[in-house]
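Enquirer: This is the structure I want to talk about, given as structure tokens.
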Ligand code: UTP
Ligand code: MN
């Protein structure tokens, strides 16, 4: 280590003007200021390099801190730190400037001392380098409270897009992995600033971490950006946007060179009834449903149900029950407090709605669930076997009425699609009828989110040796069904803290 003998140092610093020098420097051009660079956190080699640079530019830079020093230059220190550091060397006088390295480098660039601005002054406490908050989150989404508030939308949007792309490409495993990763970020109390904060968090696989890192470091992820732009993703989105078209059908059409609705219409493919309705109402169905529209539809459904079976109950489920302000459809669960009274209800409700001209499309499936036939163990699939009606409602609304009157006033010849001019819009509605004894399970199962449901079933299976469906909960150890008359009962059977619908937005 090279050390300047103390004696010589003293001698050198005592000299006026040009100090600590290695010779050949300009005389001090700014004699009213004496700089001192603090080695702490800057490091000795950087300090020595910067000191020489300063002297070459005509600044007087001291090696030692003393009463002469007017400007202390620091890197990554708080004012408090600096004062503490220099107490043994006589302490820092009130009038001494405690400055960030940015003032020094800007002055070097300018060739003269730049004006001291607020941002150059050292903060009392270092606020731009906060203590790294390391987050901690339980592994299963059903153990967490996920509200609609999300501090990490950039990251979760990116991961959700990759999840969607995987699902559309029939890679469900990858899809779930991205969904789980996004769900973990959704519950973090603040925005992620650095990768180190994510240490120890569950469900963040290598791939998801790479995406997060890219976004934190570069502001965007190449993979996400190129997926968004890819022809395949765009075609999958457009084609699966047709009601009745799933990922498999869309993939088959894409292989045949069909990438958009025009090409599909021209291809001469025979579409089933659902797909025909989907194509006909394409724009409406791909426009999200508002909470207000959902409420209007709820009134229609309640009226229908009350007309055909007084005493039956209608509950809004899905995303709207979780507090969302919009959705892709409206979901309802219908039951009657007297077990058995609900049998045969759906066809009557459908007939009533049809008689009112409220339905554009409907397909009803019968209830195929029979507990006595299920036996122990898990049902063959997660598919529900409730009596269910997948439908498209014709929704007249006040706003639409106003819109149509506006349109008639427009200049003629303007091209407008039917969907924009007619006094109603098409809305997807899912109706489900459940026997009262299964109602709590059905309500829990149809409230979502999809990931929350998946995690509940995973928890039940892996942690509790139970099998949960939208019909029942079976305990494999006790070899019996566990009854529940409320969602709270089910959480209790599962050994989970109760999570209300508004906190199931995983
Ligand atoms: P949705 O697909 O309607 O989702 O299913 P959502 O949360 O309401 O979202 P948006 O707002 O419409 O886009 C609602 C719930 O119904 C269950 C899902 O698991 C989800 O929890 N569901 C849906 C089933 O159990 N089976 C199905 O066949 C469809
Ligand atoms: Mn829904």
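In our numbering, the protein residues as written are 873 to 1378. Where is the CB? At the ideal position from N, CA and C, for every residue including glycine.
In whole angstroms, give me the CA-to-CA distance for residue 1217 and residue 1070.
Expert: Going by the C-alpha atoms only, they are around 51 Å apart.
Enquirer: For residue 1245, does the three-state DSSP call read helix, strand or coil?
Expert: Helix.
Enquirer: Got a sec? Which residues, its chain only, sit under 8 Å from residue 1374 by beta carbon, not counting five neighbours each side?
Expert: Excluding sequence neighbours, residue 1374 sits near 1019, 1020, 1194, 1195.
Enquirer: First and last residue of the beta strand (DSSP E) that includes residue 1259?
Expert: Unbroken beta strand (DSSP E) run through residue 1259: 1259–1268.
Enquirer: From the DSSP output, which residues share a beta bridge with residue 945?
Expert: 909, 971, per the DSSP bridge assignment.
Enquirer: Should residue 1195 be listed as close to the ligand MN, given that the test is whether its C-beta is under 7 Å from any heavy atom?
Expert: Residue 1195: no, Cβ never under 7 Å from the ligand MN.
Enquirer: Can we count residue 1256 as close to the ligand MN, meaning its CB is less than 7 Å from some heavy atom?
Expert: No, the ligand MN has no heavy atom inside 7 Å of this Cβ.
Enquirer: Assuming residue 1014 and residue 1368 are in contact, meaning their beta carbons sit under 8 Å apart, how far apart are those beta carbons, in whole angstroms?
Expert: Right, their Cβ atoms sit about 6 Å apart.
Enquirer: DSSP three-state label for residue 1353, please.
Expert: Strand at residue 1353.
Enquirer: Could you compute how far the alpha carbon of residue 929 sits from the alpha carbon of residue 980?
Expert: Those two C-alpha atoms are separated by around 7 Å.
Enquirer: Flag this pair as yes or no: are the beta carbons of residue 1362 and residue 1312 separated by less than 8 Å?
Expert: Contact flag set, yes.
Enquirer: Going by DSSP, which residues form a beta bridge with residue 1206?
Expert: In DSSP, residue 1206 forms a bridge with 1186, 1305.
Enquirer: Would the beta-carbon of residue 1264 fall within 8 Å of that of residue 1297?
Expert: No, the Cβ-Cβ distance between residue 1264 and residue 1297 is not below 8 Å.
Enquirer: What do you get for residue 1202, buried or exposed, if any count of 16 or more other CB atoms within 10 angstroms of its CB means buried?
Expert: Buried is the call here.
Enquirer: Once DSSP output is grouped into helix, strand and coil, what is the label at residue 1066?
Expert: Here residue 1066 sits in coil by DSSP.
Enquirer: Shorter than 7 Å, the distance from the beta carbon of residue 1131 to the closest heavy atom of the ligand MN, or not?
Expert: It does not: the Cβ of residue 1131 is nowhere closer than 7 Å to a heavy atom of the ligand MN.
Enquirer: Of all the options 1348, 1334, 1329, 1349, which has the alpha carbon lying nearest to the alpha carbon of residue 1340?
Expert: Of the candidates 1348, 1334, 1329, 1349, the one whose C-alpha sits nearest the C-alpha of residue 1340 is 1329.
Enquirer: Just to confirm my understanding: we take residue 1131, look at its own chain, exclude 5 residues before and 5 after, and list those with CB closer than 6 Å. What are they?
Expert: Result list for residue 1131: 1107, in chain order.
Enquirer: With a threshold of 16 other CB atoms inside 10 Å of the CB of residue 1164, please say whether the residue is buried or exposed.
Expert: It counts as exposed.
Enquirer: For residue 1244 and residue 1186, I'd like the C-alpha separation in whole angstroms.
Expert: Approximately 27 Å, taken between the alpha carbons.
Enquirer: Can at least three beta-carbon pairs, one atom from the segment 1317–1326 and one from the segment 1348–1358, be found at a separation below 8 Å?
Expert: Short answer: they don't touch.
Enquirer: I'd like to know if the segment 1024–1042 and the segment 1099–1118 are in contact, where contact means that at least 3 CB-CB pairs between them fall below 8 Å.
Expert: The segment 1024–1042, when compared against the segment 1099–1118, does touch it at the 8 Å Cβ threshold.
Enquirer: What residues match up with residue 957 in a beta bridge as DSSP calls it?
Expert: Residue 957 pairs with nothing; no bridge assigned.
Enquirer: Output yes or no for whether 8 Å exceeds the beta carbon distance between residue 1027 and residue 1057.
Expert: Yes, they are a contact pair.
Enquirer: Can you tell which of 1089, 1220, 984 has the C-alpha that lies nearest to the C-alpha of residue 903?
Expert: For residue 903, the nearest C-alpha among the options comes from 984.
Enquirer: How many angstroms separate the CA atom of residue 1239 from the CA atom of residue 1260?
Expert: Approximately 7 Å between the Cα atoms of the pair.
Enquirer: To the nearest whole angstrom, what separates the beta carbons of residue 997 and residue 950, a pair I think is in contact under 8 Å?
Expert: Yes, residue 997 and residue 950 are in contact; Cβ-Cβ is about 5 Å, under 8 Å.
Enquirer: Report the option in 1154, 1188, 1155, 1145 whose CA atom is closest to the CA atom of residue 1166.
Expert: Cα-wise, what sits closest to residue 1166 is 1188.
Enquirer: For the alpha helix (DSSP H) holding residue 1006, just list the boundary residues, first then last.
Expert: Taken as a continuous stretch (DSSP letters only), residue 1006 belongs to no alpha helix (DSSP H), as it is neither H nor E.
Enquirer: By Cβ distance, which residues of its chain are closer than 7 Å to residue 913, with the 5 residues on each side in sequence left out?
Expert: Once the five neighbours on either side are set aside, the close Cβ partners of residue 913 are 947, 948, 949.
Enquirer: Going by the beta-carbon positions, is the gap between residue 1053 and residue 1091 smaller than 8 Å?
Expert: No, the pair does not count as a contact, with Cβ atoms beyond the cut-off.
Enquirer: Below 8 Å between beta carbons: does that hold for residue 968 and residue 944?
Expert: A contact, by the Cβ cut-off of 8 Å.
Enquirer: Put residue 1198 into one of helix, strand or coil per three-state DSSP.
Expert: In the structure shown, residue 1198 sits in a strand (DSSP, three-state: E or B).
Enquirer: So does residue 1317 have its beta carbon nearer than 7 Å to some heavy atom of the ligand MN?
Expert: No, Cβ of residue 1317 sits at least 7 Å from all heavy atoms of the ligand MN.
Enquirer: Put residue 1334 into one of helix, strand or coil per three-state DSSP.
Expert: Helix at residue 1334.
Enquirer: Just mark residue 953 as buried or exposed, buried being the case when its beta carbon has 16 or more other beta carbons within 10 Å.
Expert: By the neighbour-count rule (16 or more Cβ atoms within 10 Å), residue 953 is buried.
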